[in-house]
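Engineer: Chains as they are written, first to last, in our numbering: chain Z, 353 to 464; chain R, 821 to 933.
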Amino acid sequence: GENVEQHPSTLSVQEGDSAVIKCTYSDSASNYFPWYKQELGKGPQLIIDIRSNVGEKKDQRIAVTLNKTAKHFSLHITETQPEDSAVYFCAASGTGRRALTFGSGTRLQVQP
Amino acid sequence: DAGITQSPRHKVTETGTPVTLRCHQTENHRYMYWYRQDPGHGLRLIHYSYGVKDTDKGEVSDGYSVSRSKTEDFLLTLESATSSQTSVYFCAISEAGDSYGYTFGSGTRLTVV
Numbered sequence: 353g354e355n356v357e358q359h360p361s362t363l364s365v366q367e368g369d370s371a372v373i374k375c376t377y378s379d380s381a382s383n384y385f386p387w388y389k390q391e392l393g394k395g396p397q398l399i400i401d402i403r404s405n406v407g408e409k410k411d412q413r414i415a416v417t418l419n420k421t422a423k424h425f426s427l428h429i430t431e432t433q434p435e436d437s438a439v440y441f442c443a444a445s446g447t448g449r450r451a452l453t454f455g456s457g458t459r460l461q462v463q464p
Numbered sequence: 821d822a823g824i825t826q827s828p829r830h831k832v833t834e835t836g837t838p839v840t841l842r843c844h845q846t847e848n849h850r851y852m853y854w855y856r857q858d859p860g861h862g863l864r865l866i867h868y869s870y871g872v873k874d875t876d877k878g879e880v881s882d883g884y885s886v887s888r889s890k891t892e893d894f895l896l897t898l899e900s901a902t903s904s905q906t907s908v909y910f911c912a913i914s915e916a917g918d919s920y921g922y923t924f925g926s927g928t929r930l931t932v933v
């Protein structure tokens with residue numbers, strides 16, 4: 353089955369700096385790659401996703417890049433703010449499988 | 821979270837007792853999922869459902885069973901709770917399966933003592 357590795361497990365940045373979280377996946381058939389943000393005491397919330405026919409997608413301060421050849425994808429957050437502090441999860445899925453496989457999560461802390 | 825409710829939010833139970841967690845949705849989505857969240861492991865799939873009475877096992881299904889007799893309800897049962905099942909349990913729903921975003925519930929924190 354699919355295996356998703358996520359790095360780093362913790363990340364601390366200064367407010368205004370950029371943050372990058374990286375994930376690799378094992379199944380070349382995977383074609384959908386969402387990212388979720390989880391705030392304390394809440395369920396994960398979808399923040400951005402990308403499909404395999406697209407190399408990059410951007411939504412305001414958040415962007416995701418995908419390299420299908422290398423089987424890795426990354427989340428980029430620019431101009432970080434304290435409210436970006438949360439746990440972020442990447443995930444992967446593809447045709448024939450019925451559920452997302454998640455990475456182990458990255459705890460992002462933005463220092464004011 | 822709008823459209824999806826988990827109950828209870830917190831539960832403490834004793835080893836060896838059966839426990840049932842409930843996920844209720846008002847979105848009429850076909851797909852429903854149960855994940856558990858543990859430090860260092862992210863979210864791991866327990867069971868999922870792609871319709872009424874259609875369920876399948878995930879990667880960590882041992883010791884768990886599920887039922888879905890109505891579109892809106894997906895029940896997770898721990899047949900005989902063990903301390904290793906202490907975790908936070910999340911239910912998720914999806915309109916069109918794994919290639920579309922999930923909506924997660926707020927979670928159930930289960931402690932087995």
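Think of the CB as a built atom: it goes at the ideal place given N, C-alpha and C, for glycine as much as any other residue.
Just so it is clear, the structure is predicted and the values come from calculations on it, not from any experiment.
What distance in whole Å lies between the Cβ atoms of R:TYR851 and R:ILE913, which are believed to be in contact at a cut-off of 8 Å?
Structural biologist: Counting from one through the second sequence, the residue named residue 913 of chain R turns up at place 93. Counting from one through the second sequence, the residue named residue 851 of chain R turns up at place 31. Between R:TYR851 and R:ILE913 the Cβ distance is about 7 Å, and since that is below 8 Å, they are a contact.
Engineer: In its own chain, which residues sit with a C-beta less than 7 Å from the C-beta of Z:GLY368, not counting the 5 before and 5 after it?
Structural biologist: The residue labelled residue 368 of chain Z in the question sits at position 16 within the first sequence. Excluding positions up to five away in sequence, the list reads GLU431, THR432.
Engineer: Look at the Cβ atom of Z:GLU391, then the Cβ atom of Z:THR376, and state whether they are nearer than 7 Å.
Structural biologist: Counting from 1 along the first sequence, the entry for residue 391 of chain Z is found at position 39. Counting from 1 along the first sequence, the entry for residue 376 of chain Z is found at position 24. No, they are not a contact pair.
Engineer: Sort R:ASP882, R:PRO859, R:PHE910, R:GLY921 by Cα distance to R:HIS830 and report the nearest one.
Structural biologist: Residue 830 of chain R sits at position 10 when you count from the first residue of the second sequence. If we check each option's Cα against that of R:HIS830, R:PHE910 comes out closest.
Engineer: Measure how close the beta-carbons of Z:SER361 and Z:ARG459 come, nearest whole angstrom, since I'm counting them as under 8 Å.
Structural biologist: Translated into positions along the first sequence, residue 361 of chain Z becomes position 9. Translated into positions along the first sequence, residue 459 of chain Z becomes position 107. About 7 Å separates the two Cβ atoms, so the contact holds.
Engineer: Using the beta-carbon count (16 or more within 10 Å), is Z:HIS359 buried or exposed?
Structural biologist: Residue 359 of chain Z sits at position 7 when you count from the first residue of the first sequence. Exposed: under 16 other Cβ atoms inside 10 Å.
Engineer: If I measure Cβ to Cβ from Z:PHE454 and keep anything under 6 Å in the same chain, skipping five residues before and after, which residues do I get?
Structural biologist: Taking the first residue of the first sequence as 1, we reach residue 454 of chain Z at position 102. PHE441, ALA443.
Engineer: Using alpha carbons as the reference points, say which of R:THR840, R:ASP893, R:ILE824, R:SER887 lies closest to R:ALA935.
Structural biologist: The structure shown does not extend to residue 935 of chain R, since chain R is modelled only from 821 to 933, so the question has no answer here.
Engineer: Output the boundary residues of the beta strand (DSSP E) element that contains Z:VAL365.
Structural biologist: Numbered from 1 along the first sequence, position 13 holds the residue referred to as residue 365 of chain Z. Note, Z:VAL365: beta strand (DSSP E), 362-366.
Engineer: Judging by CA-CA distance, which residue of R:THR837, R:THR835, R:GLY836, R:TYR853 is the nearest neighbour of R:ALA916?
Structural biologist: Residue 916 of chain R sits at position 96 when you count from the first residue of the second sequence. The option with the nearest alpha carbon to R:ALA916 is R:TYR853.
Engineer: For Z:GLN366 versus Z:GLN461, is the C-beta distance shorter than 7 Å?
Structural biologist: As a position in the first sequence, residue 366 of chain Z is number 14, starting the count at 1. As a position in the first sequence, residue 461 of chain Z is number 109, starting the count at 1. The answer is no: Cβ separation not under 7 Å.
Engineer: What are the boundary residues of the beta strand (DSSP E) that includes Z:LYS452?
Structural biologist: Counting from 1 along the first sequence, the entry for residue 452 of chain Z is found at position 100. Here residue 452 of chain Z turns out to be Leu, not Lys, going by the sequence shown. No beta strand (DSSP E) holds Z:LEU452; DSSP gives it neither H nor E.
Engineer: What are the residues of the segment 367-401 of chain Z that lie near chain R, defined by any Cβ-Cβ distance shorter than 9 Å?
Structural biologist: Cβ contacts with chain R come from ASN383, TYR384, PRO386, TYR388, GLN390, GLY393, LYS394, GLY395, PRO396, GLN397, LEU398, ASP401.
Engineer: What's the C-alpha gap between R:THR906 and R:GLU899?
Structural biologist: Start at 1 with the first residue of the second sequence, and residue 906 of chain R comes out as number 86. Start at 1 with the first residue of the second sequence, and residue 899 of chain R comes out as number 79. Whole-angstrom Cα-Cα distance: 14 Å.
Engineer: How about Z:TYR384 and Z:SER445: do their beta carbons lie closer than 7 Å?
Structural biologist: Residue mapping note: residue 384 of chain Z aligns to position 32 of the first sequence, counting from 1. Residue mapping note: residue 445 of chain Z aligns to position 93 of the first sequence, counting from 1. Yes, the Cβ-Cβ distance between Z:TYR384 and Z:SER445 is below 7 Å.
Engineer: Check each residue of the segment 847-862 of chain R: if its Cβ is closer than 8 Å to any Cβ of chain Z, include it; give the result in chain order.
Structural biologist: For the segment 847-862 of chain R, which is checked against every Cβ of chain Z, the residues closer than 8 Å are TYR851, TYR853, TYR855, GLY860, HIS861, GLY862.
Engineer: To the nearest angstrom, how far is the alpha carbon of Z:GLY395 from that of Z:ASP379?
Structural biologist: Within the first sequence, residue 395 of chain Z is the residue found at index 43, counting from 1. Within the first sequence, residue 379 of chain Z is the residue found at index 27, counting from 1. Those two C-alpha atoms are separated by around 26 Å.
Engineer: Listed in chain order, which residues of the segment 416-450 of chain Z have Cβ atoms closer than 7 Å to some Cβ of chain R?
Structural biologist: Of all residues in the segment 416-450 of chain Z, PHE441, SER445, ARG449, ARG450 have a Cβ within less than 7 Å of some Cβ in chain R.
Engineer: Taking C-beta pairs closer than 8 Å, name the residues in chain Z that R:TYR870 reaches, listed in chain order.
Structural biologist: By one-based count along the second sequence, residue 870 of chain R stands at place 50. Those within 8 Å of R:TYR870 in chain Z are ARG450.
Engineer: Taking Cβ positions only, does R:LEU865 come closer than 7 Å to chain Z?
Structural biologist: Working through the second sequence from its first residue, we reach residue 865 of chain R at position 45. So yes, R:LEU865 belongs to the interface.
Engineer: Confirm, please, whether the CB-CB distance from Z:LYS409 to Z:ILE399 is below 7 Å.
Structural biologist: Locating residue 399 of chain Z in the first sequence gives position 47, counting from the first residue. Locating residue 409 of chain Z in the first sequence gives position 57, counting from the first residue. Cβ atoms of Z:ILE399 and Z:LYS409: not closer than 7 Å.
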